[in-house]
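Notes follow once the structure below has been shown.
Residue numbers (this note's numbering): 50 to 310.
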């Protein structure tokens, strides 16, 4: 399914779970131009493969991602604006992935790396993880979707505090303000994320994708538009074999088996 990549390790399990590991551990998995391109391609490949049920994004070597590798920005040979538009395309490709995506965050998640995690549907962090909108410390403004994500996750004033001061948050602090779903001991994070990914992968993929799409669109819809979108999605669901199976399983008092059709 996936071509061999320079900066990513991509593995698909028997449960149709794809794990994307950022693989530049000597640079704390900082995203260089190649990684942005490869992530964009990986996200587009996932969007085109309905057999994938769930996605996990993590980092190699004890860190999630320290942000963009500023030492390699000049290596693109491009003007900054076209380069940043490619970064934006990578971010947009992540948000377009229809499957549920879990960020498994250990160690540092800073700058674009923090916003990569925030762009996922669920975030599980180890108890020693650290988060920072580090941009201001580098003389930069937020990117990789941070200006869109942060106000929606924590409110406008808190988003400004995080972005303007560029403070480093512990995992517990990140959870307290709603950036993180769960904080677990580092020794337990693999098992915890594996369990969540399996639960998502065993769910009804078409319905989960519709739910994700409806929730993502909620901030741009009126209530009337939202309930109409719900009605259309639910009408589509009732025409699927998965919904027929779920109703039959409920009547027969057994667990349903969803096939994505």
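Just so it is clear, CB atoms sit at the ideal spot from N, CA and C, and this is done for glycine as well.
Every value quoted in this text rests on a predicted model; they were computed, and no experiment measured them.
Just list the residues that DSSP pairs residue i with in beta bridges.
i           : result
residue 219 : 179
Would residue i be called buried (16 or more neighbouring beta carbons within 10 Å of its own) or exposed?
i           : result
residue 57  : buried
residue 91  : buried
residue 89  : buried
residue 77  : buried
residue 296 : exposed
residue 227 : exposed
residue 254 : buried
residue 184 : buried
residue 300 : exposed
residue 87  : buried
residue 80  : buried
residue 204 : exposed
Considering residue i, what are the terminal residues of the alpha helix (DSSP H) in which it resides?
i           : result
residue 22  : Because the chain in this structure spans residues 50 to 310, residue 22 falls outside the shown range and cannot be described.
residue 274 : 272-287
residue 101 : Run containing residue 101: none; DSSP gives neither H nor E here.
residue 238 : 238-250
residue 302 : Taken as a continuous stretch (DSSP letters only), residue 302 belongs to no alpha helix (DSSP H), as it is neither H nor E.
residue 206 : 205-214
Mapping DSSP to helix, strand and coil, what is residue i?
i           : result
residue 153 : strand
residue 84  : helix
residue 195 : helix
residue 145 : coil
residue 174 : strand
residue 114 : strand
residue 107 : strand
residue 57  : strand
residue 158 : strand
residue 266 : coil
residue 186 : helix
residue 52  : coil
residue 329 : Only positions 50 to 310 of the chain appear in this structure, which leaves residue 329 out of reach.
residue 139 : helix
residue 253 : coil
residue 23  : Residue 23 lies beyond the stretch modelled for the chain, which goes from 50 to 310, so this question has no answer here.
Below 8 Å, is the gap between the Cβ of residue i and the nearest heavy atom of the ligand SAH?
i          : result
residue 72 : By its list of ligands, the structure shown contains no ligand whatsoever, and the ligand SAH lies outside what it can speak to.
Measuring CB to CB, does residue i end up less than 9 Å from residue j?
i           : j           : result
residue 216 : residue 259 : no
residue 99  : residue 262 : no
residue 145 : residue 171 : no
residue 193 : residue 164 : yes
residue 176 : residue 248 : no
residue 67  : residue 101 : yes
residue 161 : residue 116 : yes
residue 276 : residue 105 : no
residue 166 : residue 113 : yes
residue 103 : residue 131 : no
residue 129 : residue 178 : no
residue 291 : residue 308 : yes
residue 278 : residue 266 : yes
With respect to the beta strand (DSSP E) encompassing residue i, which residues constitute its N-terminal and C-terminal limits?
i           : result
residue 233 : 231-233
Indicate whether at least one CB of chain D lies closer than 9 Å to the CB of residue i.
i           : result
residue 268 : The structure shown contains no chain D; it is built from a single protein chain.
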